[in-house]
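S.K.: For the protein sequence lines, the chains are A, B and C, in the order given. Here the first sequence is numbered in UniProt numbering, starting from 1 and rising by one per residue. Here the second sequence is numbered in UniProt numbering, starting from 1 and rising by one per residue. Here the third sequence is numbered in UniProt numbering, starting from 1 and rising by one per residue. All residues carry an ideal CB built from backbone N, CA and C; glycine is no exception.
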Amino acid sequence: MDQNLTLQLLALKEEFEDYKEYTSKNIDSFFLCTMALIIFLMQCGFAFLEAGAVRSKNTTNIIFKNVLDSLFALVCYWTCGWGLAYGPGEGFLEHLFGQSEFFLVGTNDYTKFFFQYVFAATAATIVAGAVAERCEIVAYIVYCCSISAVVYPILTHWGWHESGWMAQGFWISDQEKTEYLDFAGSGVVHLCGGTISFIAAYIMGPRIGRFPDDSGEVSGEIKGHSVPFASLGGFILMFGFLAFNGGSTGSITAPGIGKIVSRAMVNTMLSGTMAAFTCLIVHYKMKGKLTLLFTINACLAGMVSAFAVHAGGGSWGLFAACLVSHKGICYAVSNAITGHGWQWLPVAQLFWQIVCAFAIITWSFATMVPVFLLLKKYGKLRVPAEIEIKGLDIYKHGEAAYPLHAYGHGWDEFEPIRTTKKISVLNPEISLEQLASAYDAMSHKKSVYHNPSGFEHPELHGVAKYKKQVPKPTQSGKENGAFNA
Amino acid sequence: MDQNLTLQLLALKEEFEDYKEYTSKNIDSFFLCTMALIIFLMQCGFAFLEAGAVRSKNTTNIIFKNVLDSLFALVCYWTCGWGLAYGPGEGFLEHLFGQSEFFLVGTNDYTKFFFQYVFAATAATIVAGAVAERCEIVAYIVYCCSISAVVYPILTHWGWHESGWMAQGFWISDQEKTEYLDFAGSGVVHLCGGTISFIAAYIMGPRIGRFPDDSGEVSGEIKGHSVPFASLGGFILMFGFLAFNGGSTGSITAPGIGKIVSRAMVNTMLSGTMAAFTCLIVHYKMKGKLTLLFTINACLAGMVSAFAVHAGGGSWGLFAACLVSHKGICYAVSNAITGHGWQWLPVAQLFWQIVCAFAIITWSFATMVPVFLLLKKYGKLRVPAEIEIKGLDIYKHGEAAYPLHAYGHGWDEFEPIRTTKKISVLNPEISLEQLASAYDAMSHKKSVYHNPSGFEHPELHGVAKYKKQVPKPTQSGKENGAFNA
Amino acid sequence: MDQNLTLQLLALKEEFEDYKEYTSKNIDSFFLCTMALIIFLMQCGFAFLEAGAVRSKNTTNIIFKNVLDSLFALVCYWTCGWGLAYGPGEGFLEHLFGQSEFFLVGTNDYTKFFFQYVFAATAATIVAGAVAERCEIVAYIVYCCSISAVVYPILTHWGWHESGWMAQGFWISDQEKTEYLDFAGSGVVHLCGGTISFIAAYIMGPRIGRFPDDSGEVSGEIKGHSVPFASLGGFILMFGFLAFNGGSTGSITAPGIGKIVSRAMVNTMLSGTMAAFTCLIVHYKMKGKLTLLFTINACLAGMVSAFAVHAGGGSWGLFAACLVSHKGICYAVSNAITGHGWQWLPVAQLFWQIVCAFAIITWSFATMVPVFLLLKKYGKLRVPAEIEIKGLDIYKHGEAAYPLHAYGHGWDEFEPIRTTKKISVLNPEISLEQLASAYDAMSHKKSVYHNPSGFEHPELHGVAKYKKQVPKPTQSGKENGAFNA
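1) Just to make sure I have the definition right: I need the residues of chain A whose C-beta is within less than 7 Å of the C-beta of residue 269 of chain C. Which are they?
2) Would you mind working out which of C:248, C:291 and C:385 sits nearest residue 34 of chain C, comparing C-alpha positions?
3) Please list the partners that residue 255 of chain B has in chain C, where partner means a Cβ-to-Cβ separation under 7 Å.
4) Alpha carbon to alpha carbon, how far is residue 178 of chain A from residue 164 of chain A? Give it in angstroms, no decimals.
5) Who are residue 171 of chain C's beta bridge partners in DSSP?
6) Using 8 Å as the limit for Cβ to Cβ distance, is residue 225 of chain A near chain D?
7) By the 10 Å Cβ neighbour count, where 16 or more other Cβ atoms means buried, how is residue 208 of chain C classified, buried or exposed?
8) Kindly list, in the order they appear in chain B, the residues whose Cβ is closer than 7 Å to that of residue 6 of chain A.
9) Relative to the C-alpha of residue 270 of chain B, which residue among C:68, C:51, C:30 and C:7 is closest?
10) Let me know if residue 82 of chain C comes out buried or exposed under the rule of 16 or more other beta-carbons within 10 Å of its beta-carbon.
11) Using a C-beta to C-beta distance shorter than 9 Å, which residues of chain B count as neighbours of residue 398 of chain C?
12) Of the residues B:261, B:192 and B:346, which one's Cα is nearest the Cα of residue 359 of chain B?
13) Between the Cα of residue 205 of chain C and the Cα atoms of C:239, C:276, C:130 and C:259, which residue gives the shortest distance?
14) Please report the distance separating the alpha-carbon of residue 372 of chain B from that of residue 261 of chain A.
15) Say whether chain C places a C-beta atom closer than 8 Å to the C-beta of residue 249 of chain B.
16) For residue 261 of chain C, go through chain A and note every residue whose CB falls closer than 9 Å to its CB, in chain order.
17) Mind listing the chain B neighbours of residue 46 of chain A? Cutoff is C-beta to C-beta under 9 Å, in chain order.
18) Helix, strand or coil: how does DSSP classify residue 134 of chain B here?
19) Closer than 6 Å by C-beta to residue 173 of chain B: which residues in its own chain qualify, once you throw out the five before and the five after it? Chain order, please.
20) Please list, in chain order, all residues of the same chain as residue 19 of chain B whose beta carbon is under 8 Å from its beta carbon, the five residues on each side excluded.
21) Is the beta carbon of residue 283 of chain A less than 8 Å from the beta carbon of residue 61 of chain A?
22) Quick one, are the C-beta atoms of residue 73 of chain B and residue 140 of chain B less than 8 Å apart?
23) Determine whether the beta carbon atoms of residue 187 of chain B and residue 356 of chain B lie at a separation below 8 Å.
24) What residues match up with residue 382 of chain C in a beta bridge as DSSP calls it?
25) Taking all protein chains shown into account, decide if residue 272 of chain C is buried (16 or more other Cβ within 10 angstroms of its Cβ) or exposed.
26) Spatial neighbours of residue 393 of chain C within its chain, please: C-beta separation below 7 Å, excluding the five flanking residues on both sides.
27) Under 8 Å: do the stretch 39-59 of chain A and the stretch 220-233 of chain A share three or more Cβ pairs, one atom per stretch?
28) Would residue 89 of chain C and residue 102 of chain C qualify as a contact pair, given that the criterion is a beta-carbon distance under 8 Å?
29) Buried or exposed for residue 350 of chain B, going by 16 or more other Cβ atoms inside 10 Å?
30) Can you determine whether any heavy atom of the ligand SAH sits closer than 7 Å to the C-beta of residue 66 of chain B, and answer yes or no?
31) What would DSSP say about residue 222 of chain A, mapped onto helix, strand or coil?
32) Are the C-beta of residue 282 of chain B and some C-beta of chain C separated by less than 8 Å?
33) I'd like the list of long-range same chain contacts for residue 55 of chain C, defined as Cβ closer than 6 Å, with 5 residues on each side in sequence excluded.
34) With distances taken Cα to Cα, identify the nearest neighbour of residue 368 of chain B among B:148, B:107, B:406 and B:10.
35) Buried or exposed for residue 43 of chain A, please, with buried defined as at least 16 other CB atoms from any protein chain shown within 10 angstroms of its CB.
36) Is it buried or exposed for residue 353 of chain B, if we count other Cβ within 10 angstroms and need 16 for buried?
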């Protein structure tokens, strides 16, 4: 009887262990896939934040780059990146990069792959904003692949893989050991992305018209074409960063981890809010305007990853961890003051964070500067000035973002409309067609507006040559009739 | 041996209890965080529903308000609101408001905080639509903070905290007790938000041009500038309301609760659908048109929270619960008729719902009317008429939603394009640049279109003064050439 | 003592079983509801993919159809579809369709209903893109209801219900049995939707201007009015398809299923990527342009459900399963070659897939061709040519997507703006108002731009009659002044 009971108990125990194991795997998969889905949507967020911030003539181009991004990052991370980051290795090199599981051969952990892939895609996509409106597509593909296949995966191996040298840290006594703190990818995602953005923008140079030239004209800020699109992107990115930071635990099944996830989300919102308010107030004091776009960008930066300030946001995240966290410098100092004795660990920790940040920046420079310089040397980095001035959409893609002849409608000749006073004939709206034909009449040319057939056909544009300068329509007047004359 | 077995059994039992406890906490955190993320995206939904419904000159402004909303609500709910709503208290006052955990000091339940915060942000954001295109930003900040710091949290304490007076209800017999039924925030979120919207809109007055004036002109409905944006907002809000209502259970781990969550989603969709069809058919019968925007708004109202009809949607939700639910009046009546005896509970329940709805409305009036009246007294409620007419975007934010000079491209001088018939020179598109220079030639002025440098610089606009009336371009003709003449 | 222990053990066992059961139900509900929410958002994705691809004059119309879609599909699936698909039945007919649980009477599984409903809505919405810009709303409602009430539910009964004839397959030996493989709805959702799209587009005919007419003019591709909107839709659909395919397991609680879900997502991304690259390269080789929209559509097709190629994408999914899966033909062949003996199962399997695909296509034709032909006979299939040319938005809905008078702002008379050189008076922007009044002056008519009151009032439009042809503004010149003359 006893025997029987013991067996039953053992069986139950085993069943329970079994249940715990497969259930926690399932729930973690569910958690990571859900968060990864939302993080994946950040590609859409970046696309629209950037699309709203460029001029309409480059809108298709910037969205194209963001779409390609997700796709190239997948191929590169699948073929090469995952293996370098998490493939088991051996020997000394194991501290530097992974050495197997390329093409996912031998991998079981698809969940982690999917989750890490969306992080890699984020790291690659960050740069697109810094080179918008002037980067050659070839350059874009090259740097995007470099990042997602090599640069970023090796950084994650250093920082996030248990055998990476940054993750291993060093022993300061028998019991105490520093470790690399990198919650939510402050370092390997945002500092890396930010550094590469800086390199790219520096080597490429600013957009034409961005800074004053010799003519003494005040240079304008180049306004984006759509505040709503930029805001849409901003909202989606907030949504995404909450998942990004919440999901960084990588698991939802360890005891007490639910609280950590939700606290991460609350802290993300709080620091985004503080950054947004700071920016808003400073800008208002200086310029007298309440700027929406700066506020959104500041908020995203505060959420540890602003578009414009990735490097800044990223490095602050790295150091904040060892300044204000529970094991941080601030606590050490306050402990020392209150007589609890001085601790060396927080100092060693801060030192280690500095070393790691330095390593991340150095690595990003060492790998990406040659890439961009080579691209520049072969003239593949930046589009010719004429194309930049006229816009990339039509020349590169054959797709205007808002083809003019797709607008307008024909309901401009209604029957008389009754008002309360009398009946009168009204043109309810100026149609673009009418404007177009009026323009045609003026200019004695036939605009293609009325002949969409010939317009924007990629095969016809292939033969188009662009002129050196943007033609300025004559403004002399007199000769040719009233309009274009 | 027995001893040993007993110990093992006890250990297993304990482990199991332990597992159950931390797992259910984790899964609930996961559930609430996921739902909260989706509900957070509703801020984006509201922003776009409203952005599409205003004119382009106020688009940046309305999005700005919706972004600020999420941020101010967080700060206010963090500093004050959460404590008033869920901070433990004592004595009689405990029935009225919470008394601790301000700044989240001493709180453990970050998950609940995050979830409740997104609800508070929703309650605050509802009002923005009612005061669009004319509300001063100061007024907006003041009322938004009032709602999320005080008005809404105290309501949730009444209705959702176990010691709140509404939640406690009263005993009608030894066994039977009324309780406040408020599934998915019909009362405390939507009735409150709707009431405050009404107060705000009433005190502020309608937009200029919204209703007929003395001149006898038919007043127009003021159309929004983008149906697609409004629809985008509507779709996101549907997505959000499904999560809002599904997530209202606050947990996913109690036995059988999964079914309740999914049934809530199904019912949400069904009632949204019924409301949308009703509105569609009535409008079609009356006006002969199938209106998209009314249909979307009706659908959202049916999902218990339409933008335009928050008060209506919210109060119906409150009463529907005690009319048609399983313990509701309808069942009581049918039971009485079929001879199962009359029950007083449903009647008492209905009475209690009416009392609570009355309390919510009274509380909203008592707190918010003084706020709005004070704002009005000090001239901080509504922007001056000139700014309202000319639009808030440029004056307040220095950011036009669609800066004209960010549009257009330069590809208007292609080489001849081949058609099947002949080769002819075509202007593939009327560029805005050409239109602009044509306009310049006409008007003998230089539009800044060609000189973006000076345009929309916030620091330059600071000195701009607006005129009293919108200048009407002269239409007399003759003198000045053909165009502007 | 023993007795006691045994009882305790039994109690624990029972509690554990109980816990397992209700927890797995809850977690599955959570999983399915979350995925269903994201899949529901695909309605928004389709709406915007299609809205971006039509001309602005039909934008409200296409969004309206997509909203209606979700609503009609719910009503139809609730009243009828669910019962036909999953209602228990008896006798031979059970293999053909379900026979109970109409109006959800007697159903307990709301989670499955909600999940299946979003699939049904997807099947119905696929067709909208194929008939855009010309379909009568009545026709749309009729076919949408037919699909979600009858055609699609019966297919799911065949393929996904355990007693459906396709799901049952046939025995090829005592141990081996074919089964219908339909991961993520390749067949019942995408092949069905694609077939009906083909039928609808064929019977309805192409849009006016889509293909060359007798006049010998090159016919244009009809460009959509907004690349960003189409891309937004594409991004949302990618997000949705990941959930669609990941969620197709229908559960997250069986041992090892988490891995299957994440692998499904990884594979979805990979095949989308491959399709996108193939399309991109082919198109670039042929036309010399890197097209964004084709790339997005190809990516979605690769994710087993492109808009334009539903039928193609769907049927490839059906066959791929038995070609390259672990039990597929390729493995059988390689086994035979390597001397492991020939297996008949993969061949039988492929045969069965072909039979099923044939059945799906036949069923779609048999049910939907009569529907569309009847609609055509009674003139309810396609709008009159005049309305098609002038656009559906204003005539059908009274809502222009971008009402012109909602644009523009009044800040065109700033005080002088300082430049570095001198102070000059500038018109910062050409306002639409000024363009409008210039146009008015030219044409000697008063455009309603200045009198929004009379514009787009649905009740006034009811009396409007459209003319036979789009009026061409005269271009002869001379007589009437310079502009309209």
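M.R.: This is what the structure gives:
1) 74
2) C:248
3) 22
4) 13 Å
5) C:177
6) This model lacks chain D altogether, as its protein chains are A, B and C.
7) exposed
8) 5
9) C:68
10) buried
11) 287, 288, 289, 290 and 291
12) B:192
13) C:130
14) 39 Å
15) no
16) 26, 29, 30, 33, 110 and 111
17) Here the premise fails: no neighbours, minimum Cβ distance about 15 Å.
18) coil
19) none
20) none
21) no
22) no
23) yes
24) C:135
25) buried
26) 57, 58, 59, 60, 61, 399, 400 and 401
27) yes
28) no
29) buried
30) This structure simply doesn't include the ligand SAH, nor any ligand for that matter.
31) coil
32) no
33) 225
34) B:148
35) buried
36) buried
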